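Structure first, then comments.
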Amino acid sequence: MILPIDPESKMVTYTGVVEVAGATQAQLYSRAYEWVVKSYKSAPDVLQMQDKESGKIILKGNTHAYIRGRDAGLVNHTFSIYLKEGKYKYEVTNFNNVNPTPKGEFGFGRFENEKSSFTMPMMNGIIQKSYNILRRNTDTDIKAMLADLQAAMTGQSKDKSDF
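Numbering (this note's numbering), first residue to last: 7 to 169.
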């Protein structure tokens with residue numbers, strides 16, 4: 007599985023700049039903030055920084071991980087949105103799988119690693135296959151989130167108050 011790796015940080019990173027012709031920084035900030043509130047159930051808990059003047063929203067969020075329909079904990083990530091007149095930049099990075107259980111916390115670890123940090127003798131083949139599935143599922147989830155963000159930022163999603 008090939009995930010996007012930032013050449014400087016060497017971390018799995020999804021990044022891009024999207025033009026939104028005619029949109030002001032304030033409009034884009036409002037759209038981004040609304041998207042965060044709709045996309046993250048506990049938005050106040052995940053928001054790390056929000057600065058309307060400088061056009062920055064940074065959050066530490068997570069997606070729920072499933073492998074073959076079974077709970078695999080959380081995939082934590084950092085999601086940053088930078089806003090300027092007529093465009094925005096997104097960056098999603100710092101992926102780490104954790105799975106708290108009654109017997110302690112385990113997880114597959116950081117996504118930059120090709121091999122899972124969780125090992126178990128005689129089970130490593132199955133663990134590695136599960137880790138690869140988790141990374142592939144997360145890639146799909148993040149790409150869907152980014153498409154949803156773009157629809158919200160470019161005004162392609164219909165506002166529920168517009169009826």
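Positions of the beta carbon are idealized from the N, C-alpha and C atoms, including for glycine.
Note that the structure is a prediction, hence the values are computed from the model and not measured.
- In the DSSP assignment, find the beta strand (DSSP E) that holds Ile63 and state where it starts and stops. 62-73
- Tell me where the beta strand (DSSP E) around Ala78 begins and ends. Where Ala78 is concerned, the enclosing beta strand (DSSP E) stretches over 76-90.
- Query: How big is the Cα-Cα spacing for Val23 and Lys149?
  - Reply: 14 Å
- Query: With a Cβ-Cβ cutoff of 7 Å, do Gly61 and Leu89 count as a contact?
  - Reply: yes
- Sub-7 Å separation of Phe101 and Tyr137 beta-carbons: no
- To which residues does DSSP link Thr30 through a beta bridge? Thr30 pairs with nothing; no bridge assigned.
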